[in-house]
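Novice: First, the structure itself, so that you have it in front of you.
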Amino acid sequence: MTGAAYRLEDDFCRLALYVSLKGVATPTASAILTSLDGKRHCVIDTRVWAALWRLGYFEEEKERFQPDDYVKIVDIVRQMADETDFTTAEIGYALFAYDVVHREGNLH
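What follows is the structure in structure tokens.
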């Protein structure tokens, strides 16, 4: 599956291929992509979305993600990476940590 995914050039299609596997949701698929190429990908989840929401990138919080949500997030994170000396994966991890520090109340 990984070989087939990496023959695809479109991030949405790669993610959708992984998500088509039983038991693989978008956050897990993003982790697979990140483990294979941390310069271009990042792990996404509720905390990363929430951090970007707090920073004004999104109008609402979210708890469930689809491949198109990943594309929205990774575009923003790649732009942040381009403006710094950090990889896309490192920015994603930093956003996760940002939410850990700034979240009030429960995660869900």
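Heads up: the sequence shown begins at 1000 in our numbering, then just goes up one per residue.
All residues carry an ideal CB built from backbone N, CA and C; glycine is no exception.
Since the model is a prediction, treat every value here as computed from it, not as a measurement.
Since Gly-1091 and Ile-1031 should fall inside the 8 angstroms C-beta cutoff, what is the C-beta to C-beta distance between them, to a whole number of angstroms?
Specialist: Translated into the one-based positions of the sequence shown, residue 1091 becomes position 92. Translated into the one-based positions of the sequence shown, residue 1031 becomes position 32. No, Gly-1091 and Ile-1031 are not in contact; Cβ-Cβ is about 14 angstroms, not under 8 angstroms.
Novice: If you compare alpha carbons, which of Gly-1104, Val-1100, Ala-1088 is closest to Ser-1034?
Specialist: What you label residue 1034 is simply residue 35 of the sequence shown in a count that begins at 1. That would be Ala-1088, whose Cα lies nearest to the Cα of Ser-1034.
Novice: Can you say whether Arg-1046 is buried or exposed, counting buried as having 16 or more other CB atoms within 10 angstroms of its CB?
Specialist: Your numbering for residue 1046 matches position 47 in the sequence shown. Counting Cβ neighbours within 10 Å, Arg-1046 comes out buried, since at least 16 surround it.
Novice: On the DSSP letters alone, give me the boundaries of the alpha helix (DSSP H) that Val-1100 sits inside.
Specialist: The residue given as residue 1100 occupies position 101 in the sequence shown. For Val-1100, the uninterrupted alpha helix (DSSP H) segment begins and ends at 1087-1101.
Novice: From the DSSP output, in three-state form, read off Lys-1038 for me.
Specialist: Residue 1038 sits at position 39 when you count from the first residue of the sequence shown. It is coil, neither helix nor strand.
Novice: Among the residues of its own chain, which have a CB less than 8 angstroms from the CB of Tyr-1005, if the five just before and after it don't count?
Specialist: Along the sequence shown, one-based indexing puts residue 1005 at 6. Arg-1013, Leu-1035.
Novice: Applying the 10 Å Cβ sphere with the 16-neighbour rule, what's the burial state of His-1101?
Specialist: Here the question's residue 1101 lines up with position 102 in the sequence shown. His-1101 should be labelled exposed.
Novice: If contact is defined by three or more beta carbon pairs under 8 angstroms, each pair taking one atom from either stretch, is the stretch 1009-1024 in contact with the stretch 1055-1075?
Specialist: yes
Novice: To the nearest angstrom, how far is the alpha carbon of Ile-1072 from that of Glu-1058?
Specialist: Along the sequence shown, read from residue 1 onward, the residue named residue 1072 stands at position 73. Along the sequence shown, read from residue 1 onward, the residue named residue 1058 stands at position 59. The alpha-carbon atoms of Ile-1072 and Glu-1058 are separated by roughly 13 angstroms.
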